[in-house]
Amino acid sequence: MKVHPPGPPPTALPGLLKKLAVDRLALMRDAAGLGDAVRVNMGPKKLYIFNHPDYAKHVLADNAANYHKGIGLVEARRVLGDGLLTSEGEVWRAQRRAVQPAFKPGRINQQADAVAEEAAKLVALLRRHEGGDPVDVLHEVTGLTLGVLGRSLLDSDLSAYDSVAHSFEAVQDQAMFEMVTQGLVPQWVPTRMQRDFRKARQELHDVVDRLVSDRAARMADGEPADDALSRMILAARKEADPGAARQRLREELVTLLLAGHETTASTLGWVLHLLDVNPEARARVREEAVRVLGDRNPALEDLHQLTYTTMVVQEAMRLYPPVWVLPRVAQADDEVGGYHVSAKADVLVCPYILHRNRDYWDDPERFDPERFDPQRVANRPRYAYIPFGAGPRFCVGSNLGMMEAVFVAALVTRDLELRTVPGHSAVAEPMLSLRMRGGLPMSVHPVP
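Count the sequence shown with this note's numbering and you get residues 3 to 450, in order.
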């Protein structure tokens with residue numbers, strides 16, 4: 003006998019659809035309130051939501067081959083195509099093999115000085131606003147993450163491409179709209195959002211085409227080719243169909259631009275916001291930065307000495323995981339935690355609610371970096387905390403992202419005091435990543 007998870011009654015469907023459109027985090031919280039496994043029927047769609055570490059492990063790792071990328075990411079394929087975030091099977095494995103060497107710990111460790119230099123540039127830029135008008139800190143850290151991405155993974159200068167972040171916003175807006183409307187609005191309808199999407203897609207294509215052309219020319223002149231972009235170019239040259247190879251390369255690079263800057267920028271926004279509203283934690287981060295770094299930039303060997311700062315970043319990613327949901331589609335019938343999952347059903351593992359499961363997190367809404375003291379971590383299930391995903395599709399850039407976040411948090415907090423503009427609320431906006439709605443306007447002050 004097939005056992006199905008509990009779920010809301012059919013009469014709740016209108017309210018669920020409304021929350022899917024306007025408050026997806028509330029939808030996830032409501033589902034978690036029904037149990038660790040929930041089935042929601044949305045018309046012809048069956049949606050399974052799992053909120054237990056063991057269930058997450060099964061879907062993301064133990065039986066990962068049965069679960070392909072799902073809602074949200076499927077809609078984003080109009081611009082991401084078969085990039086690393088959305089591809090499956092042998093295409094995905096070939097892409098992962100091609101770029102993996104660029105993300106090896108040894109190579110990422112060599113980027114520490116570049117990361118520290120970009121962090122110092124951010125501090126200098128913010129310092130110009132001391133005593134002046136507020137600055138959108140989220141916009142500035144996005145520039146930083148693009149700079150790090152360009153230097154560490156693409157061997158390219160991305161400073162001239164600051165429109166990339168805005169283009170990705172338009173892409174995500176359209177992808178979420180198509181997910182919510184379930185394709186009921188034809189793509190040929192010339193809505194403002196659709197027009198913005200097409201313009202943004204063309205802008206992104208123009209950017210990546212220029213990056214590929216510039217990098218290929220330098221490779222022809224004999225420059226080393228161990229960065230991710232060079233490896234992608236070399237892999238594309240091995241494909242039999244040049245036209246298909248160019249298209250795949252474009253999709254892979256657009257994906258890398260999105261994943262390589264937005265998630266870390268989102269994390270840094272939440273870190274700086276949480277330090278502002280938790281002054282005791284801010285004081286501890288500042289004290290640690292002064293003690294470990296003195297007045298110099300951080301270096302690789304400092305990373306493991308900035309222990310409290312690292313815990314602050316980890317706690318920020320618990321409360322506001324940049325990848326807030328991991329959508330999948332079951333390819334065949336399966337059983338998860340004793341519950342039947344039917345083929346073609348949509349399956350969601352949601353780090354946002356998993357990181358708030360009261361069975362594993364005391365007072366989960368409270369900001370408490372000490373949760374990540376090694377002794378407390380040892381007593382918690384591995385899959386209760388998955389800010390970088392899990393299984394074979396674990397985020398390939400996790401080490402670089404953590405280095406960025408820790409270095410920036412330490413330097414900015416050591417040298418400046420950032421205060422949120424009175425009246426502004428930091429609101430989580432669940433798109434492809436968990437971004438901040440309306441940015442993060444802050445005033446800049448010298449350290450007291």
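Quick reminder that beta carbons are idealized off the backbone N, C-alpha and C, glycines included.
Note that the coordinates shown come from a computational prediction; the quantities given were computed from them, not determined experimentally.
Where residue i sits in the DSSP three-state scheme
{"i": "residue 376", "result": "helix"}
{"i": "residue 430", "result": "strand"}
{"i": "residue 161", "result": "coil"}
{"i": "residue 201", "result": "helix"}
{"i": "residue 371", "result": "helix"}
{"i": "residue 71", "result": "strand"}
{"i": "residue 341", "result": "strand"}
{"i": "residue 225", "result": "coil"}
{"i": "residue 329", "result": "strand"}
{"i": "residue 138", "result": "strand"}
{"i": "residue 241", "result": "coil"}
{"i": "residue 90", "result": "coil"}
{"i": "residue 387", "result": "coil"}
{"i": "residue 396", "result": "coil"}
{"i": "residue 5", "result": "coil"}
{"i": "residue 354", "result": "helix"}
{"i": "residue 106", "result": "coil"}
{"i": "residue 425", "result": "coil"}
{"i": "residue 65", "result": "coil"}
{"i": "residue 304", "result": "helix"}
{"i": "residue 80", "result": "helix"}
{"i": "residue 364", "result": "coil"}
{"i": "residue 111", "result": "helix"}
{"i": "residue 382", "result": "coil"}
Per-residue burial, residue i [other beta carbons within 10 Å of its own, 16 or more giving buried]
{"i": "residue 92", "result": "exposed"}
{"i": "residue 44", "result": "exposed"}
{"i": "residue 432", "result": "buried"}
{"i": "residue 320", "result": "buried"}
{"i": "residue 409", "result": "buried"}
{"i": "residue 6", "result": "exposed"}
{"i": "residue 381", "result": "exposed"}
{"i": "residue 390", "result": "buried"}
{"i": "residue 263", "result": "buried"}
{"i": "residue 20", "result": "exposed"}
{"i": "residue 377", "result": "exposed"}
{"i": "residue 429", "result": "exposed"}
Residue i to residue j span [Cα, whole Å]
{"i": "residue 64", "j": "residue 367", "result": "30 Å"}
{"i": "residue 144", "j": "residue 253", "result": "21 Å"}
{"i": "residue 197", "j": "residue 440", "result": "22 Å"}
{"i": "residue 192", "j": "residue 175", "result": "15 Å"}
{"i": "residue 128", "j": "residue 227", "result": "34 Å"}
{"i": "residue 204", "j": "residue 294", "result": "46 Å"}
{"i": "residue 374", "j": "residue 316", "result": "7 Å"}
{"i": "residue 87", "j": "residue 325", "result": "12 Å"}
{"i": "residue 71", "j": "residue 98", "result": "16 Å"}
{"i": "residue 232", "j": "residue 247", "result": "14 Å"}
{"i": "residue 278", "j": "residue 419", "result": "8 Å"}
{"i": "residue 311", "j": "residue 18", "result": "39 Å"}
{"i": "residue 16", "j": "residue 347", "result": "20 Å"}
{"i": "residue 330", "j": "residue 69", "result": "5 Å"}
{"i": "residue 177", "j": "residue 79", "result": "9 Å"}
{"i": "residue 268", "j": "residue 416", "result": "21 Å"}
{"i": "residue 403", "j": "residue 117", "result": "10 Å"}
{"i": "residue 426", "j": "residue 345", "result": "45 Å"}
{"i": "residue 273", "j": "residue 395", "result": "25 Å"}
{"i": "residue 47", "j": "residue 73", "result": "11 Å"}
{"i": "residue 361", "j": "residue 422", "result": "33 Å"}
{"i": "residue 134", "j": "residue 446", "result": "8 Å"}
Residue interval of the alpha helix (DSSP H) (run including residue i)
{"i": "residue 309", "result": "309-321"}
{"i": "residue 436", "result": "Looking at the DSSP string, residue 436 is not in any alpha helix (DSSP H); the run it does join, the beta strand (DSSP E), is 436-438."}
{"i": "residue 119", "result": "114-129"}
{"i": "residue 58", "result": "55-59"}
{"i": "residue 14", "result": "Residue 14 -> no alpha helix (DSSP H), and no H or E assigned at all."}
{"i": "residue 26", "result": "26-35"}
Sheet register partners of residue i (DSSP bridge)
{"i": "residue 207", "result": "The partner list for residue 207 (beta bridge, DSSP) is empty, contrary to what the question assumes."}
{"i": "residue 324", "result": "For residue 324, which the question treats as bridged, DSSP gives no partner whatsoever."}
{"i": "residue 419", "result": "447"}
{"i": "residue 453", "result": "There is no way to answer for residue 453, as the model of the chain reaches only from 3 to 450."}
{"i": "residue 132", "result": "446"}
Span of the beta strand (DSSP E) around residue i
{"i": "residue 50", "result": "47-52"}
{"i": "residue 349", "result": "348-351"}
{"i": "residue 43", "result": "39-44"}
{"i": "residue 260", "result": "Run containing residue 260: none in the beta strand (DSSP E); it sits in the alpha helix (DSSP H), 244-279."}
CB contact below 7 Å: residue i versus chain D
{"i": "residue 306", "result": "Among the protein chains of the structure shown there is no chain D, as only one such chain exists."}
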